[in-house]
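In structure tokens, the structure reads:
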């Protein structure tokens with residue numbers, strides 16, 4: 003474990019715990035007990051995750067859930083890029099997100115009685131409980147499908163509709179609880195649209211899109227030790243801070259809003275705990291891989307906490323790096339644009355000095371489809387890609403991922419430095435999100451909660 | 003597909019559909035619509051299950067989720083019992099219960115809005131919705147863990163606590179909804195215990211035991227094509243009939259009891275549909291295997307529907323063959339009794355005439371532990387096992403499973419005939435359960451609902 007990593011681990015604790023304690027101080031005593039149990043169970047979740055991951059590693063390898071770390075010296079490749087060492091001995095357990103997700107779901111299951119135990123049975127908040135259960139159900143089903151994807155490699159035609167359908171229980175509860183589906187209109191446009199636009203079904207479609215997008219967005223922003231879990235930890239910590247800020251700002255009389263943020267905290271604290279525990283083992287040099295299971299699990303958790311906490315629009319701002327990575331990737335992802343996409347787009351390992359550098363796609367720009375040619379010209383002229391000319395009109399272009407872009411701008415570096423740079427972008431995006439949410443919003447709207 | 007199997011498939015439809023239609027006729031119009039949607043979605047689930055299982059079979063085989071049918075001619079064994087044919091070509095996709103469970107969960111997710119759509123938002127039954135969501139969550143988590151067991155072969159120390167913890171959400175909701183935890187005392191014992199015994203925590207412990215037991219009981223009552231799914235179909239059909247009978251018997255004024263049985267129907271009809279769909283492909287000669295996933299999924303579904311429908315004690319009666327199989331197996335399962343347990347206890351295939359017959363464990367009774375010697379003497383003297391003497395005091399004893407017992411009593415037969423005999427026992431146990439529940443109960447209690 004590097005010192006840099008320890009700092010990263012400590013950050014949420016140093017910032018989060020005192021703030022959470024401050025919030026807890028202002029809570030009614032029943033919620034304070036619930037929060038204490040939630041934090042206590044999260045600590046148990048942290049311990050359980052690392053101990054079970056350490057124990058079950060060999061079992062996963064035996065079950066063929068294993069991978070090879072392409073960016074390490076132990077893995078040599080021949081001139082054509084094929085592995086020349088056998089898998090045995092250097093295999094790393096894959097899909098360890100499965101254990102993380104299972105521990106998380108168990109923590110939330112055990113937490114239920116404590117979340118609602120302080121209520122009398124005759125004025126029990128069944129609606130809140132239904133929302134909590136729907137949230138856990140949605141995350142559980144997404145994790146189940148993520149694991150199925152790891153094991154049997156689902157095709158995209160199954161992958162797209164699954165988070166869509168998995169979110170239905172939560173949206174049904176959202177509807178049944180009579181939650182609003184409108185958005186406030188900025189002061190500057192009220193002459194045109196009125197004060198408030200009721201989106202109705204449109205809002206539900208937006209939430210469905212958010213669930214599908216966040217589930218897959220983390221999955222395609224991966225390929226460096228610690229990046230999947232690292233970005234999730236940063237986003238989760240941001241969600242926690244956002245909820246704490248809102249609890250500090252929203253006055254007591256808006257009880258319902260405060261309850262939404264409390265519920266969101268109850269869901270995100272255990273997530274942060276199990277993710278930090280996994281990050282410890284997935285950080286450079288990785289002892290375990292997290293698999294699609296973790297990406298599905300984390301992505302759906304983010305969609306769910308933002309729906310439960312009623313900040314789904316803010317969530318999109320927290321996912322800006324993922325959104326940029328997706329948009330930047332489009333020319334390689336969609337066949338109708340057709341820039342060639344090699345099987346692996348992760349960085350290339352330089353055995354000589356142990357750094358990672360750009361990986362490239364090779365093609366002849368003249369032979370691209372019209373849209374591909376256009377995309378290539380724009381990217382090249384705006385200097386958004388690293389282009390190297392070969393003979394006979396052929397070029398090498400750095401692969402279209404945010405990871406390659408950062409390597410192109412800042413140059414080759416060791417894998418953990420690269421990961422820290424990418425996580426710094428994630429933190430910057432959080433700061434910008436907060437600036438927009440709390441700064442610009444007060445300029446655009448009269449009342450901001 | 004054999005004619006015998008078609009008859010089996012048609013049975014629940016022929017008996018169930020008219021009865022369900024009769025019940026539907028007496029329901030308020032909103033519930034009638036919900037039931038119609040439930041049946042419609044179940045039909046879609048039936049179609050989806052068989053079509054996805056047929057499509058994804060090769061993908062499962064590629065992912066190493068495959069098995070060999072030991073009781074078929076295609077599989078030859080040498081004198082030491084080892085397979086002499088390579089796996090390729092005769093491998094059958096395993097864990098197809100995963101698809102069944104995923105389709106079931108999606109059907110229930112899509113159904114939620116329809117289950118509760120007819121209510122006005124201001125008198126919305128949040129408590130019922132929480133119970134429904136907790137039920138689906140519990141089943142989803144059990145299926146997820148079943149799949150994990152299929153893929154990475156979990157150890158018993160993880161297997162036992164998992165259904166235990168997975169049931170907590172449902173029990174929390176059961177508690178929050180103020181459900182009763184007492185049992186009526188039979189007339190004959192009221193002088194001793196009073197009219198009603200409040201079990202409190204004891205009742206919750208019983209429900210937890212039921213969840214753990216039913217999850218594992220189906221798993222160990224397996225080894226013949228169609229048996230895991232067949233027994234589940236019989237139990238599910240019995241649950242459906244029980245719910246229908248109760249709806250016909252319970253007067254309108256006991257609204258709450260009627261609602262419990264309606265909820266139970268909403269959960270069991272889709273289960274019956276996806277299971278029948280899987281049974282088609284798992285029936286002799288099996289084209290697919292169902293895996294631990296199906297056993298966990300089915301077992302937890304039975305626990306859940308009986309908790310939601312408030313007939314958990316009746317459920318134990320429906321699981322009598324599973325209970326007998328477990329008790330009969332104990333001397334081989336527990337090392338402290340110590341009758342030797344071979345790796346496979348399934349029947350042996352007789353290539354000459356295509357039948358299956360007893361499989362045996364070999365040991366010297368003199369060398370058994372005291373408890374093992376006692377168990378062997380009892381079983382032998384009561385003629386509950388098939389014993390063959392070998393030289394030097396060694397014996398061969400038929401393995402202690404209900405399957406072997408039935409083969410011992412009725413003699414060798416083709417695999418599908420054996421399965422039908424075992425399912426007939428399951429049906430007989432249902433009839434006995436109904437006789438007890440509706441016959442004997444009126445003798446023991448004054449008021450029976």
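Residue numbers (the working numbering), protein chains in the order written: chain C, 3 to 451; chain B, 3 to 451.
The beta-carbon is built from N, C-alpha and C at its ideal position, and this holds for glycine as well.
Range covered by the alpha helix (DSSP H) that runs through residue 111/B: That run of the alpha helix (DSSP H) goes 99-118.
Own chain, CB closer than 6 Å to residue 50/C, minus 5 neighbours either side, in chain order: Cβ neighbours of residue 50/C beyond the five flanking positions: 105.
Members of the region 17-38 of chain B near chain C, C-beta cut-off 7 Å: For the region 17-38 of chain B, which is checked against every Cβ of chain C, not one residue is closer than 7 Å.
Burial state of residue 387/C, where buried means 16 or more other Cβ atoms lie within 10 Å: Buried is the call here.
Alpha-carbon to alpha-carbon, residue 219/B and residue 114/B: Those two C-alpha atoms are separated by around 30 Å.
Simplified DSSP assignment, three categories, for residue 189/B: Assignment of residue 189/B by DSSP, reduced to helix, strand and coil, places it in the helix class.
Neighbouring residues, chain C, relative to residue 115/B (Cβ below 8 Å): Residues of chain C whose Cβ lies closer than 8 Å to the Cβ of residue 115/B are, in chain order, 170, 174, 177.
Whether residue 142/C touches residue 280/C by CB criterion (8 Å): Their beta carbons are not under 8 Å apart, which means residue 142/C does not touch residue 280/C by this criterion.
Residue range of the alpha helix (DSSP H) that includes residue 261/B: Taken as a continuous stretch (DSSP letters only), the alpha helix (DSSP H) holding residue 261/B covers 257-284.
DSSP-derived helix/strand/coil call for residue 88/C: Here residue 88/C scores only 44 on pLDDT, less than 50, and its place in the model is too uncertain to base an answer on.
Extent of the continuous beta strand (DSSP E) run through residue 399/B: It spans 397-400 - the beta strand (DSSP E) in which residue 399/B sits, taken as one unbroken run.
Cβ-based burial, residue 57/B [other Cβ within 10 Å; buried from 16]: By the neighbour-count rule (16 or more Cβ atoms within 10 Å), residue 57/B is not buried but exposed.
Proximal residues of chain C, C-beta to C-beta of residue 139/B below 7 Å: Ordered by position in chain C, the residues that pass the 7 Å Cβ test against residue 139/B are 135, 138, 139, 142.
Within chain B, the residues that residue 306/C reaches when beta carbons sit closer than 7 Å: Simply none; closest approach about 13 Å.
Any chain C beta carbon closer than 8 Å to residue 111/B: True, the Cβ-Cβ gap to chain C drops below 8 Å.
Expected contact under 8 Å - CB spacing of residue 266/C and residue 320/C to nearest Å: Contact flag wrong, Cβ pair sits at about 13 Å.
Rounded separation between residue 223/B and residue 212/B - CA only: The alpha-carbon of residue 223/B is positioned some 16 Å away from that of residue 212/B.
Secondary structure of residue 422/B, DSSP reduced to three states: Residue state, collapsed to three classes: helix.
Nearest residue (CA-CA) to residue 21/C, options 344/C, 243/C, 390/C, 301/C: That would be 243/C, whose Cα lies nearest to the Cα of residue 21/C.
Among 52/C, 100/C, 306/C, 238/C, the one whose alpha carbon lies nearest that of residue 429/C: Of 52/C, 100/C, 306/C, 238/C, the smallest CA-CA separation from residue 429/C is found for 238/C.
Where the beta strand (DSSP E) through residue 199/C begins and ends: Segment 198-200, the beta strand (DSSP E) holding residue 199/C.
Residue 385/C (DSSP reduced to helix, strand or coil): When secondary structure is reduced to three states using DSSP, residue 385/C falls in the coil class, being assigned neither helix nor strand.
Cβ contact check for the region 392-410 of chain B and the region 329-349 of chain B: 3 or more pairs under 8 Å: Yes, since at least three Cβ pairs between the region 392-410 of chain B and the region 329-349 of chain B fall closer than 8 Å, the two stretches touch.
Any chain C beta carbon closer than 8 Å to residue 182/B: Closer than 8 Å: no.
For residue 276/C and residue 47/C, believed in contact at Cβ under 8 Å, the rounded distance: With a Cβ gap of about 5 Å, residue 47/C and residue 276/C count as contacting.
Proximal residues to residue 36/C (C-beta, below 6 Å), its chain only, five neighbours per side dropped: Excluding residues up to 5 positions away in sequence, 116, 117 lie with their Cβ nearer than 6 Å to the Cβ of residue 36/C in the same chain.
Backbone secondary structure at residue 358/B - three-state DSSP: Strand.
Beta-carbon proximity of residue 271/C to residue 137/C, cut-off 8 Å: Between residue 271/C and residue 137/C, the C-beta spacing is not below 8 Å.
Neighbour flag for residue 412/B against chain C, beta carbons, 8 Å: The beta carbon of residue 412/B does not come within 8 Å of any beta carbon belonging to chain C, so the residue lies off that interface.
Burial state of residue 395/B (16 or more Cβ within 10 Å): Counting of Cβ neighbours within 10 angstroms places residue 395/B among the exposed residues, the total staying below 16.
Residues in the region 207-224 of chain C having any Cβ partner in chain B nearer than 9 Å: Considering only beta carbons, no part of the region 207-224 of chain C lies closer than 9 Å to chain B.
Stretch pair the region 294-305 of chain B + the region 142-153 of chain B: three plus CB contacts closer than 8 Å: Contact annotation: the region 294-305 of chain B touches the region 142-153 of chain B, with at least three C-beta pairs closer than 8 Å.
Where residue 350/C falls: helix, strand or coil (DSSP): Strand.
Burial state of residue 344/B, where buried means 16 or more other Cβ atoms lie within 10 Å: Exposed, by the Cβ-count rule.
Interface partners of residue 66/B on chain C, CB under 7 Å: Within chain C, the C-beta atoms nearer than 7 Å to that of residue 66/B come from 66, in chain order.
Chain B contact residues for residue 452/C, given Cβ-Cβ distances below 7 Å: Since the first and last residues shown for chain C are 3 and 451, residue 452/C lies out of range.
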